[in-house]
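Heads up: the structure comes next, in structure tokens.
Protein chains in written order, with the working numbering: chain A, 1 to 328; chain B, 329 to 788.
As structure tokens, this is what we get:
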């Protein structure tokens, strides 16, 4: 079983049998969901996978490579509009749209990244915000391609040439899940390679990695492109499951929620996916029932609680440990 | 005929108005062991950095094996065969020791690079630490790991910036063993404050003075020019302990009772008991990994002790106090490896710790601190930064002063001043506790020397 854990060796060292089993269990539960849940909840699950992929993309940059980002929504938009355009002009084939969206987002990121990846830290963060805001502005102005603020609607995708379009929410959800597992598996392999180790090295001690003879700038550009490709894939999945995209689908709020999903739990790919699922559940299931129209208040409270919870959990762990005196 | 590995010509470097290197000319022969010595702030680290490529000079050229590398970035110089270590070991905390080294083995699949790394670690006696995260290694192990990482690329030029800083005599011996096994095909450039290490390694020594090239020659000839050589190998006379009867008449200022502590599952300190008395300098010696720094971190309030521990200052229980509360209560600590806050000036840094440049300069008898209040701390040399932090702590005139390895990176003359300053602090009834390696020259001024081993203190 390929482990999706990317939080590094630290997490691996803490991995217990229970944690090791949690990934297969989570995947099994995710696969079983369409047979258990109603169509509306499943369509929310599909969107959670889209947000989860953007979260994985943010995790790759922020946690692995040490480059904080609030602009991955831009690449979701580029991927999404590419898939939509393809659907309207060339093909309704979902996997083809996925490849094209990935390639388009990667190409855009390569162009932007040449400049963006010369910066680090807060400057990089602000650059990604600027890229996100600019992309959203272009999406609402370039009406001929994007449909402007009304967005673009497309026909359902086909999975295989000359087959019927997929319309049922359960199948679309399974398609999204398969895309996410493929992306996650590929990234897991990548992160275990020399490339992945080098990225962690750059995040922790860039000068050391340079002294090893590595042109760190190229690695940083490459990871920026890969992260954008993942977000671009999320855009194609969004088109597949929702048949529609507008400027706000890749906006700042989406980038921010993706970053929060990435960092709020265990800082692993699985954790990012779960974080995204919790966000969507709170926003679209819990909030309408409790605080109609104020989902963001509930989300804000959720994240404050999660941040406080981490610190409380740490104290509780120390207090429960007989070797320490409940040290803060 | 021996070639020239490194040819430095007219090398000048300025940080703002401060000229750190002033038209230095230097030739380093291929295969030689070349040491650069000088006081804190003489420009040693800057010179090494400019050779290795971590900065660009204001003026002058650097040639490596006949090729002008002045404008080449760090990684290109590494690809040409340069390798280096830093004053503070630069290891990748988030990776294991094996992966730290494996990343430096180039053009090899990761699997065989890891095998080579395990081999190197085994040879250095660090085999058991291979799968530990670098963040969890003791300071001395991090140094060895960094050296092995630098060696893993089989460099033609190896640059070592103060490799012995913060190591015990025993560890310096181990490190020396590693350095002496470096192949003759590798040119070695090293700076260090341990003259014992310089004498054992170097065949040529260059003395830098205020950023200028003062002398180059045989080690014995050049070392004679050094002002009061900070020879860490000299075995200091240990003062006779103050008689127990007189001490018991005085109440201890800093008291530690039944202190146990762990790092993960590793039990480091066991039922440790310690009293530090006003007017007395107590030194704790111990090898790397003995728990010296853990003890200081616990005293500072930065590492958890087990439940039954009690820590008090002047009878006030501080066991459950935060780091800030302890500092306010009069317990000042200087941790090993702390840095001043980048972006601040010397004066800002001192203001943050509740003092000013003049007071701090007086506290450690270092006039430069008063004169350079407006200089930014990141442009100070490693030894100057350490002096600044220690001066900060001394200037607070607190009830208890705890210093972990305070002389790290300090030149000999500064160590002498620190010794006098500690005596003055003790004369003001401060309880002084310092932890250090068994060979530290400061031990000469300690009233009491205790040895930390197997998690507890013993008379040395």
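Every residue gets a Cβ at the ideal spot worked out from N, C-alpha and C, and that includes glycine. It should be emphasised that the depicted structure is a prediction, and the values quoted were computed from it without experimental measurement.
Using a Cβ distance threshold of 8 Å, residue 250 of chain A and residue 135 of chain A count as a contacting pair.
Shown here, residue 294 of chain A sits in coil according to DSSP, grouped into three states, outside any helix or strand. Checking the DSSP bridge columns, you'll see residue 645 of chain B partnered with B:640. Taking residue 712 of chain B as the centre and dropping the five residues before and after it, the same chain places the C-beta of 368 and 369 closer than 7 Å to its C-beta, in chain order. A check of alpha carbon separations from residue 211 of chain A across B:723, B:733, B:383 and B:466 identifies B:383 as the nearest. Around residue 215 of chain A, the beta-carbon contacts reaching into chain B at under 7 Å are 403. Between residue 333 of chain B and residue 485 of chain B a beta carbon distance of about 6 Å is seen, short of the 8 Å cut, so the two are scored as contacting. Looking at A:22, A:32 and A:26, the one whose alpha-carbon comes closest to that of residue 174 of chain A is A:32. Of all residues in the segment 190 to 220 of chain A, those with a C-beta nearer than 8 Å to a C-beta of chain B are 193, 194, 197, 198, 200, 201, 203, 204, 205, 207, 208, 209, 210, 211, 212, 213, 214, 215 and 216, reading in chain order. Going by beta carbons, residue 236 of chain A and residue 80 of chain A fall inside the 8 Å limit. Taking 8 Å as the cut-off, the Cβ atoms of residue 429 of chain B and residue 476 of chain B count as close. Per the C-alpha coordinates, the member of A:131, A:301, A:270 and A:116 positioned closest to residue 181 of chain A is A:270. Residues 765, 766 and 767 of the same chain have their beta carbon placed closer than 7 Å to that of residue 497 of chain B, with the five preceding and five following residues left out of the count. With its beta carbon less than 8 Å from one in chain A, residue 432 of chain B belongs to the interface. The beta carbons of residue 259 of chain A and residue 70 of chain A sit closer together than 8 Å. Pairwise C-beta distances place the segment 447 to 463 of chain B out of contact with the segment 590 to 605 of chain B, as fewer than three of them are shorter than 8 Å. Close CB contacts of residue 649 of chain B within its chain, under the 8 Å cut and outside five residues either way in sequence, are with 629 and 657 (chain order). Here DSSP, grouped into helix, strand and coil, assigns residue 665 of chain B to coil.
If you look at residue 411 of chain B, you'll find it in the beta strand (DSSP E) that goes 410 to 412.
By the beta-carbon neighbour count (other beta carbons within 10 angstroms, threshold 16), residue 301 of chain A is exposed.
Listed in chain order, the alpha helix (DSSP H) elements of length 4 or more contained wholly in the segment 356 to 389 of chain B are 372 to 380. Contacts with chain A (Cβ-Cβ distance below 9 Å) from the segment 357 to 384 of chain B involve 380, 381 and 382, listed in chain order. If you compare the alpha carbons of B:518, B:425 and B:748 with that of residue 363 of chain B, the shortest gap goes to B:518.
With 16 or more other CB atoms across the displayed protein chains lying within 10 angstroms of its CB, residue 624 of chain B is buried. Between residue 371 of chain B and residue 405 of chain B the beta-carbon gap is near 19 Å, outside 8 Å, which marks them as no contact. For residue 745 of chain B, the enclosing alpha helix (DSSP H) starts and ends at 740 to 755.
At a C-beta separation below 9 Å, residue 427 of chain B has these neighbours in chain A: 9, 197, 200 and 201. Below the 8 Å Cβ cutoff, chain A contributes 205 and 208 as neighbours of residue 419 of chain B, in chain order.
A straight-line Cα-Cα distance of about 27 Å links residue 119 of chain A and residue 474 of chain B. Separation of residue 521 of chain B and residue 195 of chain A (C-alpha to C-alpha, rounded to the nearest whole angstrom) is 38 Å. At least one CB atom of chain A sits nearer than 8 Å to the CB of residue 422 of chain B.
By the C-beta criterion, the segment 404 to 423 of chain B is judged not to be in contact with the segment 179 to 193 of chain A, since fewer than 3 inter-stretch pairs fall below 8 Å. The C-beta separation of residue 751 of chain B from residue 735 of chain B comes to about 15 Å, leaving the pair out of contact by the 8 Å criterion.
When Cβ pairs closer than 8 Å are counted between the two stretches, the segment 601 to 620 of chain B is seen not to touch the segment 630 to 637 of chain B, the count staying below three. In this structure residue 231 of chain A is not in contact with residue 94 of chain A, their Cβ atoms being roughly 17 Å apart against a cut-off of 8 Å. Among the residues facing chain A, residue 448 of chain B is not included, as its CB has no counterpart in that chain under 8 Å away.
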